[in-house]
């Protein structure tokens, strides 16, 4: 797999250690678009970057469903769990996430229009770009990536997002 991540730095200083993807104890590699208000097993305020708190929570909790059931904030998250050899995808309703699969390759982007543009530029069918369902964890077995992912629904928690538009619950 190849991971790339760019985003506007919203929390913490701009420096290498605050850059995505985060690698936690050589067990979790994670990228996140959104913000983290609270997350199980971790105090978000202990970290310079809120996304780092989410990565640590995924590393500390055996079941990612427990993490996202107790998560408050906005999220589209991709992570590789080296303990289980799985690639995982999650988003809540606060953040979009799109994907396109063709030629044994899957492209994922947080902006559907950007992914449609890339597919069209590469002369691929841009109408095949789809949205990732929200409040579900998609888990892919890295040893058999062509196999359909395991899908686990995450109960809708009362998310609170503080962003440019104010606070909404």
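In this note's numbering, the protein residues as written are 3 to 171.
The C-beta atom is built at its ideal place from N, Cα and C for all residues, glycine as well.
On a predicted model such as this, the values are computed, not experimentally measured, just so you know.
For residue j and residue i, the rounded distance between their alpha carbons
i: residue 157; j: residue 139; result: 11 angstroms
i: residue 155; j: residue 137; result: 6 angstroms
i: residue 166; j: residue 35; result: Its pLDDT being 45, under 50, residue 166 is placed unreliably in this model, and the value from its coordinates should be taken loosely. Cα-Cα distance, rounded: 15 angstroms.
i: residue 58; j: residue 148; result: 29 angstroms
i: residue 117; j: residue 111; result: 6 angstroms
i: residue 134; j: residue 90; result: 12 angstroms
i: residue 32; j: residue 38; result: 14 angstroms
i: residue 56; j: residue 119; result: 30 angstroms
N- and C-terminal bounds of the alpha helix (DSSP H) containing residue i
i: residue 68; result: 66-71
i: residue 2; result: Examination of residue 2 is not possible in this model, given that the chain is present from 3 through 171 alone.
i: residue 118; result: 114-123
Of the residues the options, the one placed nearest residue i, counting alpha carbons only
i: residue 88; options: 143, 118, 25; result: 143
i: residue 24; options: 115, 77, 53; result: 53
i: residue 109; options: 60, 132, 94, 97; result: 132
i: residue 151; options: 47, 96, 92, 50; result: 92
Opening and closing residue of the beta strand (DSSP E) in which residue i lies
i: residue 104; result: 100-104
i: residue 111; result: 107-111
i: residue 77; result: 74-83
Check whether the segment 95-115 and the segment 124-133 touch, using three or more Cβ-Cβ pairs below 8 angstroms as the test.
yes
How do the segment 37-44 and the segment 67-78 stand: do at least 3 beta-carbon pairs fall below 8 angstroms, yes or no?
yes
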